[in-house]
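Asker: Can you read through this structure? Questions will come right after.
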Amino acid sequence: MKFGHHGGNHPVKDIDNNTVMITAQNHGFAVDEASMPATLRVTHKSLFDGTLQGIHRTDKPAFSFQGHPEASPGPHDAAPLFEHFIELIEQYRKTAK
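Structure below.
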């Protein structure tokens, strides 16, 4: 990543829902999509430079988002991230032994 993402008002596309959220960012590194294992899929991309902003495990109830959803610059744009986290917890509770 030549330049980092710093500050608010960074547009990020949710690939699954084809929506855009306004996010707060503060990082200087990004995951190289070509280096990802088959157990990861891309969920979010920066509309500024196309870098990965979100990934989801296909074999485990886990995901990652490269930004600060708690900053809520949207102010509700990142709510689906928290909702998805709660969904994963509820699904895990149903299947955990």
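Residues 1 to 97 (the UniProt record's numbering) make up the sequence shown, in order.
All residues carry an ideal CB built from backbone N, CA and C; glycine is no exception.
Predicted model only: the values in this text are computed from it and were never measured.
(1) Run through DSSP, which three-state label would T95 get?
(2) Where R41 and N18 are concerned, what is the direct C-alpha to C-alpha distance, given to the nearest angstrom?
(3) Identify, in the order they occur along the chain, each residue of the same chain with its Cβ nearer than 7 Å to the Cβ of D59, setting aside the five sequence neighbours on each side.
(4) Going by the beta-carbon positions, is the gap between K45 and I22 smaller than 8 Å?
(5) Is DSSP giving L88 helix, strand or coil here?
Answerer: This is what the structure holds:
(1) In the sequence shown, residue 95 corresponds to position 95, counting from 1. Of the three classes helix, strand and coil, the one that applies to T95 here is helix, per DSSP.
(2) For this step, residue 41 is matched to residue 41 along the sequence shown. For this step, residue 18 is matched to residue 18 along the sequence shown. In a straight line, the C-alpha of R41 is about 15 Å away from that of N18.
(3) Indexing the sequence shown from 1 puts residue 59 at position 59. Correct list, in chain order: T39.
(4) Residue numbering aside, residue 45 sits at position 45 when the sequence shown is read from its first letter. Residue numbering aside, residue 22 sits at position 22 when the sequence shown is read from its first letter. No.
(5) Counting from 1 along the sequence shown, the entry for residue 88 is found at position 88. Here L88 sits in helix by DSSP.
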